[in-house]
Amino acid sequence: EAHVLRKGSKRRSVPGGSKALGALRAWLLLREAWAKDDAALFINQRGTRLTPQHIRVRLKQRSLQAGLATPVHPHMLRHSFASHVLQSSGDLRAVQELLGHANITTTQIYTRLDFQHLAKVYDAAHPRATVAGIKSAGKAKD
1220 EAHVLRKGSK RRSVPGGSKA LGALRAWLLL REAWAKDDAA LFINQRGTRL
1270 TPQHIRVRLK QRSLQAGLAT PVHPHMLRHS FASHVLQSSG DLRAVQELLG
1320 HANITTTQIY TRLDFQHLAK VYDAAHPRAT VAGIKSAGKA KD
């Protein structure tokens, strides 16, 4: 796990994979040689804190270099993370904790499910999900 400082100077622990945590530990050792701001995790070439604008620009550049059709931005990564965790686990409360939201209503904004997924859930759960042999997701009944 990693310990992060969130809005309002509140600290919280967040889980992470062993590779990600190992990469963070290695980065922290390298960062010590250049950092002028001890509190900043990510720094620029001058050793000072990266700004939100700098991060947005770098993500956009890297996504375009990778040939992605849509430029990536930080909120897109957060939204994708929340959506993937919710779709694989179905646990909105866990997503709330992982995102650090105090209110679950905030989490629901990040985790809107696409119609196709909702249709599959409906088909699997409702005993009369088919009409004339056609499922609600648009697939013929087997």
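Just so you know, we're using our numbering here: the sequence shown kicks off at 1220 and counts up by one. Each residue gets a CB set at the ideal place from its N, CA and C atoms; glycine is no exception.
> In terms of DSSP beta bridges, what is A1221 paired with?
Replying inline: Translated into positions along the sequence shown, residue 1221 becomes position 2. DSSP lists V1233 as partners of A1221.
>> Can you list, in chain order, the residues of its chain with a C-beta nearer than 7 Å to that of R1275? Leave out the 5 residues immediately preceding and following it.
In response: One-based indexing of the sequence shown puts residue 1275 at position 56. Excluding positions up to five away in sequence, the list reads H1292, P1293.
> Under the rule that 16 or more other beta-carbon atoms within 10 Å means buried, what is L1337, buried or exposed?
Replying inline: To locate residue 1337, count along the sequence shown from 1; it is residue 118. It is exposed - the Cβ of L1337 has fewer than 16 other Cβ atoms within 10 Å.
> Rounded to the nearest angstrom, how far is the Cβ of S1232 from that of H1222, given a contact under 8 Å?
Replying inline: Counted from its first residue, the sequence shown places residue 1232 at position 13. Counted from its first residue, the sequence shown places residue 1222 at position 3. About 6 Å separates the two Cβ atoms, so the contact holds.
>> Just to confirm the assignment, what range does the alpha helix (DSSP H) spanning S1307 have?
In response: Within the sequence shown, residue 1307 is the residue found at index 88, counting from 1. Judged by DSSP secondary structure, S1307 falls within the alpha helix (DSSP H) whose first and last residues are 1293-1308.
>> For A1359 and W1246, I'd like the C-alpha separation in whole angstroms.
In response: Translated into the one-based positions of the sequence shown, residue 1359 becomes position 140. Translated into the one-based positions of the sequence shown, residue 1246 becomes position 27. Unreliable placement is indicated for A1359, whose pLDDT of 46 sits below 50; no coordinate value is reported for it.
>> Need the endpoints of the alpha helix (DSSP H) that Q1315 sits in, please.
In response: Sequence index remark: in the sequence shown, residue 1315 carries index 96 (1-based). Its alpha helix (DSSP H) spans residues 1311-1318.
>> Taking the straight line between their C-alpha atoms, what separation do you get for D1361 and Q1272?
In response: Taking the first residue of the sequence shown as 1, we reach residue 1361 at position 142. Taking the first residue of the sequence shown as 1, we reach residue 1272 at position 53. Residue placement at D1361 cannot be trusted, given a pLDDT of 48 that sits under 50; what the coordinates show is reported in the next sentence. One C-alpha to the other measures close to 51 Å.
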